Structure formats: C-alpha cells, structure tokens
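To start, the structure itself, in structure tokens.
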Amino acid sequence: MEDKQRIIQELVPGKQITLAHLIANPDPILYVKLGLSPAGECTKGAIGVLTVSPAETAIIMADIALKSAGIELGFVDRFAGSLIINGTVSSVEASMQAILEYIENTLGYSVVPITRT
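Position in the sequence shown (first residue = 1) + 1 = our numbering.
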C-alpha cells in the first residue's frame, strides 16, 4: 500500500498585496456573473481585482481607489482581503497604481506589479 501525502495549505499573515490584476474590456457576462452590472447595461471598460493581507487593509484600499479616480466599488471583503473595482481602463489603472503606491510607501507592505488581460 502506498502512503498518501497530506498537504496543508495556510495563509501566513504578512503585510502584502498578493494580487493586482486589471481585466481590460471584459466580456459583458463577466460583469453580470460578478454582480457588477445588470444584463445589457455593461458600459464600463475594465475590472480591477486586488487581494491583500491583513484583510482589513481592503477598507483602506477601497477608500484610496474612490479618492484617486472615477471608479465604482464592485466588492470589498474586509474578512478575506479582496477588492473589486470597475470603471474605464484608465480610471481602474490609476486607482490600482494609487493603491499600490500608498500601500508600499506609506504602510510598508510588499506589493506585486499590476498584471493585465
């Protein structure tokens, strides 16, 4: 009989943004599935997805996003540390850049570069 290997995954809390991804010109169904826009009313150009640890930092990130560019908040989860924003490609990108800059330079977190699809 072969021994089975057991793998345990756990999040080690740190001060870090672990994902910063911009989805440019998403298919309209993605807005609907994420609950960002009613069917047929998708006029936005981008969706931004960020994750952070500690999770409560998502609240600060949402505030920065709203103050830095004309985006809309799609979702903020202060328990899991996720943030979804939407707006034009340039406004979502500007918000994400502002978030990364503040979180890295003011709060001293490790950040990742913005990725795009």
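Where is the CB? At the ideal position from N, CA and C, for every residue including glycine. Only a predicted model underlies this, so the values are computations on that prediction, with no experimental measurement involved.
Under the three-state reduction of DSSP output, residue 99 falls in the helix class. Under the three-state reduction of DSSP, residue 77 is assigned to strand.
For residue 112 and residue 36, the gap between their C-alpha atoms comes out near 27 Å. In this structure, the beta-carbon distance from residue 96 to residue 59 does not fall below 7 Å. Per DSSP, reduced to three states, the secondary structure at residue 90 is helical. Bounds of the alpha helix (DSSP H) holding residue 69 are 58-69. The C-alpha of residue 61 lies about 34 Å from the C-alpha of residue 8. Here the alpha carbon of residue 86 sits roughly 11 Å from the alpha carbon of residue 22. In the DSSP assignment, the residues bridged to residue 52 are 20 and 83. Each of 55, 30 and 28 was checked against the Cα of residue 16, and the nearest Cα belongs to 55. Taking C-beta separations shorter than 6 Å and ignoring five residues to either side along the sequence, the partners of residue 49 in its chain run 23, 86, 93 and 97, following chain order.
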